[in-house]
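Residues 2 to 177 (our numbering) make up the sequence shown, in order.
All C-beta atoms in this analysis are idealised placements derived from N, C-alpha and C, irrespective of residue type, glycine included.
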Amino acid sequence: MDNVASGNPILANLFRFNQWANVELIDGCAQLGDELLDAEAPGALGTIRQTLWRLVEIEHRYLAALHGDANAWFLTLSGGTDGELATLRVLALDTGEQLVAWAEATSGDPMLTGIWRDNEYTAPASVFAGQVILHGKEHRQQVQEALLQRGITTPDLSVWNWWNTERSVGLESPTI
């Protein structure tokens, strides 16, 4: 398949990976009962469910900042941090698709301005794009650790597994 580069194709694929990892973990957690989902996640901010919701909500804020929303920090997702994982899955897919679309449509590293945590900022888009990836990884790892401490096997969320599941769009098979 021809993959014509436009925008930031590498970043678009990193966002595809991030979306896939979020959805894989949400799907894995959807199989658990409320007792486990509402258990504290050591090292995280609250329960497993709340950590998953926070992950997607903050990514939604980063997306808004990338689109130039000066008040992105103040956005919240409907459903709240105690919402159903089926709702969260839809929001994670939508946010991920919008991040990919942003990367595919954006060239360079535009400067963004706004308010974040009550502080004014001027920063390149790469700061928010990097935070999408790093923040997502941190919260996914917190959830995985909380599950592993309870003896629950977690999905392999590595980039290699994403690649090997052929969910990466327009990429050739790896040579490893």
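Residue i versus the options, residue with shortest Cα-Cα distance
i      : options                           : result
Ala124 : Met112, Trp117, Gln132 and Arg118 : Met112
Trp103 : Ala66, Arg151 and Ala73           : Ala66
Residues near residue i in its chain [Cβ-Cβ closer than 6 Å; skip 5 each side]
i      : result
His140 : Thr52 and Leu56
Glu60  : Thr96 and Val133
Residues near residue i by beta carbon distance below 7 Å, same chain, minus five either side
i      : result
Gly29  : Thr155 and Pro156
Gln99  : Leu64
Gln143 : Ala42, Gly44, Ala45 and Thr52
Leu15  : Ile134
Identified DSSP bridge partners for residue i
i     : result
Asn48 : Sequence check: residue 48 is Thr here, not Asn. Its beta-bridge partners are Glu41.
Own chain, CB closer than 8 Å to residue i, minus 5 neighbours either side, in chain order
i      : result
Trp117 : Ala66, Ala73 and Trp74
Leu86  : Ile27, Cys30, Ala31, Leu38, Arg50 and Leu53
Cβ-heavy atom distance, residue i to the ligand NAP, below 7 Å
i     : result
Thr77 : This structure does not include the ligand NAP; it has no bound ligands of any sort.
Quick check: the stretch 48-63 against the stretch 87-102, are there 3 or more CB pairs under 8 Å? yes
Is there contact here, the stretch 118-132 with the stretch 25-38, by at least three beta-carbon pairs under 8 Å? No, the stretch 118-132 does not touch the stretch 25-38.
Extract the residue ranges of the alpha helix (DSSP H) inside the stretch 92-175, only unbroken runs of 4 or more that lie entirely within it. 126-150 and 160-165
So, do the stretch 130-137 and the stretch 152-162 have three or more beta carbon pairs nearer to each other than 8 Å? no
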